[in-house]
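Visitor: Sharing a structure below in structure tokens format, with a few things to ask.
Residue numbers (the numbering used here): 1 to 317.
Rendered as structure tokens:
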């Protein structure tokens with residue numbers, strides 16, 4: 001059954017992402033702006049968007065199956081399997097917020113607003129996932145855009161009822177690569193992609209046993225390229241993590257202007273440092289890279305991206 005559905009209304013919704021890039025720091029800073037409500041993380045949203053990406057022919061089924069999360073959830077792409085993974089992620093997020101599950105942050109990482117922040121009860125989130133599943137079972141994959149748009153709108157409305165703000169900013173690391181799918185659900189929303197030195201990212205991911213150092217560097221590259229290709233150029237901003245920690249006030253002012261918010265960078269940084277007891281500076285961030293990793297050969301494509309972003313002095317020919 002083909003659904004009849006117009007784009008849902010999600011005013012002033014922005015998405016922030018970035019793979020192992022310090023996006024929790026950024027979202028905590030943005031959350032200290034008086035006009036911003038922050039909502040994070042919602043990896044559950046990536047699962048229906050992932051299915052949309054496959055249905056629309058924009059992704060490899062094998063790759064998306066491999067990276068679908070949670071990893072311990074049911075495999076495959078059906079309304080039941082995707083909804084089950086969404087519920088598992090919602091449950092894990094609630095457990096991290098309550099302290100029943102480790103949030104995976106290092107001891108030096110202190111966040112005034114927390115490592116996760118959602119303004120709705122788990123039961124309400126489950127109800128939204130159930131409505132999504134019912135709609136997709138009724139319409140089939142043709143109804144994914146409509147059902148997923150309604151899911152995002154419903155969750156965002158619940159969040160805003162508890163944590164209001166003129167500008168709602170959702171932080172989910174993988175979400176920038178789903179720009180095409182998000183536009184199909186919601187229309188065009190601003191997207192901020194926080195990018196960190198790919199060698200640091202690869203070392204961090206390798207330490208979690210997600211893959212070896214060169215593999216994770218390739219994954220870093222893939223996510224950047226996919227995010228750029230999926231973006232609405234008028235509403236896409238890349239921010240280097242290194243600039244955020246080196247020049248936090250100026251970098252935040254640039255982000256605020258992008259979001260049409262009052263540029264309050266200095267005030268935000270002062271509030272963050274006062275509440276967290278941590279100074280934002282490059283020296284406060286511990287490097288993940290070992291000397292051995294820095295000597296490993298990376299592909300020409302990875303090195304070219306590192307150079308383009310200012311992490312290497314020369315471009316590989």
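Virtual Cβ for every residue (Gly too), placed ideally from N, Cα, C.
Using DSSP with H/G/I as helix, E/B as strand and the rest coil, what is residue 109?
Guide: Position 109 of the chain shown holds residue 109. Note: residue 109 maps to coil in three-state DSSP.
Visitor: Would residue 156 pass as a contact of residue 168 if the rule is Cβ separation under 7 Å?
Guide: Here residue 156 refers to the residue found at position 156 when the chain shown is read from its first residue. Here residue 168 refers to the residue found at position 168 when the chain shown is read from its first residue. In contact: residue 156 and residue 168 (Cβ atoms closer than 7 Å).
Visitor: Along the chain, where does the beta strand (DSSP E) that runs through residue 55 open and close?
Guide: As a first step, residue 55 is located in the chain shown; it is residue number 55 there, counting from the start. Unbroken run through residue 55 is the alpha helix (DSSP H), 46-55; no beta strand (DSSP E).
Visitor: Which term fits residue 281, buried or exposed, when burial requires 16 or more other beta carbons within 10 angstroms of its beta carbon?
Guide: By 1-based counting over the chain shown, the position of residue 281 is 281. Exposed.
Visitor: Going by DSSP in three states, residue 297 sits in which element: helix, strand or coil?
Guide: In the chain shown, counting from the first residue as 1, residue 297 sits at position 297. The answer is coil: DSSP assigns residue 297 none of H, G, I, E or B.
Visitor: Just to confirm my understanding: we take residue 27, look at its own chain, exclude 5 residues before and 5 after, and list those with CB closer than 7 Å. What are they?
Guide: Here the question's residue 27 lines up with position 27 in the chain shown. Correct list, in chain order: 16, 38, 40, 169, 171.
Visitor: Which residue comes first and which comes last in the alpha helix (DSSP H) that contains residue 151?
Guide: Position 151 of the chain shown, counted from the start, is the residue given in the question as residue 151. Here the alpha helix (DSSP H) through residue 151 covers 144-162.
Visitor: Please classify residue 118: is it buried, with 16 or more other beta-carbons within 10 angstroms of its beta-carbon, or exposed?
Guide: As a first step, residue 118 is located in the chain shown; it is residue number 118 there, counting from the start. Classification of residue 118: buried, given that the 10 Å Cβ count is 16 or more.
Visitor: Go through its chain and collect everything with a Cβ distance to residue 115's Cβ below 7 Å, but skip five positions before and after it.
Guide: Mapped onto the chain shown, residue 115 falls at position 115. So the qualifying residues of the chain are 24, 96, 103, 105.
Visitor: Does DSSP put residue 172 in a helix, in a strand, or in coil?
Guide: Translated into the one-based positions of the chain shown, residue 172 becomes position 172. The answer is coil: DSSP assigns residue 172 none of H, G, I, E or B.
Visitor: If we count the other Cβ atoms within 10 Å of its Cβ and call it buried at 16 or more, is residue 313 buried or exposed?
Guide: The residue you call residue 313 lines up with position 313 of the chain shown. Exposed, because fewer than 16 other Cβ atoms sit within 10 Å of the Cβ of residue 313.
Visitor: Which residue marks the beginning of the alpha helix (DSSP H) containing residue 276, and which one marks its end?
Guide: Looking up residue 276 in the chain shown gives position 276. It spans 265-276 - the alpha helix (DSSP H) in which residue 276 sits, taken as one unbroken run.
Visitor: Enumerate in chain order the residues of its own chain whose CB-to-CB distance from residue 86 is below 6 Å, with the five nearest sequence positions on each side excluded.
Guide: Here residue 86 corresponds to residue number 86 of the chain shown, with the count starting at 1. Correct list, in chain order: 44, 47, 129.
Visitor: If I measure Cβ to Cβ from residue 263 and keep anything under 7 Å in the same chain, skipping five residues before and after, which residues do I get?
Guide: Looking up residue 263 in the chain shown gives position 263. Answer for residue 263: 253, 256, 257, listed in chain order.
Visitor: Return the chain-ordered list of same chain residues with a C-beta closer than 8 Å to the C-beta of residue 72, the five sequence neighbours on each side being excluded.
Guide: Position 72 of the chain shown, counted from the start, is the residue given in the question as residue 72. Contacts found: 88.
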